[in-house]
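If you're matching them up, the sequences are chains A and E in order.
Residue numbers for the first sequence follow this note's numbering, beginning at 1 and rising by one.
Residue numbers for the second sequence follow this note's numbering, beginning at 111 and rising by one.
Every residue gets a Cβ at the ideal spot worked out from N, C-alpha and C, and that includes glycine.
Heads up: the structure comes next, in structure tokens.
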Amino acid sequence: GQQLNQSPQSMFIQEGEDVSMNCTSSSIFNTWLWYKQDPGEGPVLLIALYKAGELTSNGRLTAQFGITRKDSFLNISASIPSDVGIYFCAGRQYGNKLVFGAGTILRVKS
Amino acid sequence: DAGVIQSPRHEVTEMGQEVTLRCKPISGHDYLFWYRQTMMRGLELLIYFNNNVPIDDSGMPEDRFSAKMPNASFSTLKIQPSEPRDSAVYFCASSLFRTNEKLFFGSGTQLSVL
Chain A
1 GQQLNQSPQS MFIQEGEDVS MNCTSSSIFN TWLWYKQDPG EGPVLLIALY
51 KAGELTSNGR LTAQFGITRK DSFLNISASI PSDVGIYFCA GRQYGNKLVF
101 GAGTILRVKS
Chain E
111 DAGVIQSPRH EVTEMGQEVT LRCKPISGHD YLFWYRQTMM RGLELLIYFN
161 NNVPIDDSGM PEDRFSAKMP NASFSTLKIQ PSEPRDSAVY FCASSLFRTN
211 EKLFFGSGTQ LSVL
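Printed below as a string of structure tokens:
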């Protein structure tokens, strides 16, 4: 079936640093999304991407829909302690269900 | 505006017992999804409804699992009989769009089957 590979699996960063993570697949997707899950809560949608090459920002977060349509990237600038959580990518093909990656666990050293 | 409401937040039960998880979607949303989250398998879609009708239940693990949506404001996920391997966090989510990408998740039910 469709699989999304997220990288890295987890990361420790220093407060104030920029963060990059990505999501890749062997399949083409026409929608990419990024969700964040705080401890004890459900995932919350951060950014949705609908076109290859699209670059979209939400505050300090910027996500890109890869040109090949097989990948997506999320960047967080100037990280702060509340950025801690699990970041999930999700992809969808036409008429198909949403597929979630395994997540990137972000821990911030304050 | 209230988000997706799930109950209970935590459920501890013994193997063989029936478990019922409840969900109230966001008012006006016409799609409702049940997901299961585990460390091993991540987020898995179990079943989803459109206008109270089950559309795809291919993710339901086995016959012990069943889901209903008797009206637009309420859904249940039932496990009977429960087994230890059912221990997980179960999320309900709702959305407005057929494309379902903009999901609004509840806070989940942490289920422990002993």
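According to the Cβ coordinates, are M30 of chain A and Q93 of chain A closer than 8 Å? The displayed chain sequence assigns Asn, not Met, to residue 30 of chain A. Contact flag set, yes.
Just mark L74 of chain A as buried or exposed, buried being the case when its beta carbon has 16 or more other beta carbons within 10 Å. buried
Grab the span of the beta strand (DSSP E) containing R146 of chain E for me, first residue to last. Y141 to T148
Just to make sure I have the definition right: I need the residues of chain A whose C-beta is within less than 9 Å of the C-beta of G138 of chain E. Which are they? Neighbours of G138 of chain E across chain A, judged by C-beta separation under 9 Å, do not exist; the nearest C-beta is about 17 Å away.
Do A63 of chain A and L45 of chain A have their C-beta atoms within less than 8 Å of each other? no
Using a Cβ-Cβ cut-off of 8 Å, state whether R92 of chain A counts as contacting chain E. yes
For Y145 of chain E versus L153 of chain E, is the C-beta distance shorter than 8 Å? Pairing Y145 of chain E with L153 of chain E gives a Cβ-Cβ distance under 8 Å.
Let me know if V163 of chain E comes out buried or exposed under the rule of 16 or more other beta-carbons within 10 Å of its beta-carbon. exposed
Should D38 of chain A go down as buried or exposed, given a rule of 16 or more other Cβ atoms within 10 Å for buried? exposed
Taking a contact to mean a Cβ-Cβ separation below 8 Å, would you say S204 of chain E touches V223 of chain E in this structure? no
Going along the segment 211 to 224 of chain E in order, which residues come within less than 9 Å of chain A, judged by CB to CB distance? E211, K212, L213, F214, F215, G216, S217, G218 and Q220
Tell me which residue opens and which closes the beta strand (DSSP E) that M115 of chain A is part of. The structure shown does not extend to residue 115 of chain A, since chain A is modelled only from 1 through 110, so no value can be given for it.
Within 10 angstroms of the Cβ of T104 of chain A, are there 16 or more other Cβ atoms? Answer buried if so, exposed if not. buried
Could you tell me whether the Cβ of L142 of chain E comes closer than 8 Å to any Cβ of chain A? Chain A, which has no Cβ nearer than 8 Å to the Cβ of L142 of chain E, makes this no.
Between F207 of chain E and chain A, is there a C-beta pair that is closer than 8 Å? Taking Cβ atoms only, chain A never reaches closer than 8 Å to F207 of chain E, which makes this a no.
DSSP beta-bridge partners of N160 of chain E: N160 of chain E is bridged to E:Y141 and E:V163.
Measuring CA to CA, which of E:V122, E:H139, E:E124 and E:R195 is closest to N160 of chain E? Minimum Cα-Cα distance from N160 of chain E among the listed residues E:V122, E:H139, E:E124 and E:R195 corresponds to E:H139.
L33 of chain A: contacting residues in chain E (beta-carbon distance under 7 Å): For L33 of chain A, the chain E residues whose C-beta falls within less than 7 Å of its own C-beta are E211, listed in chain order.
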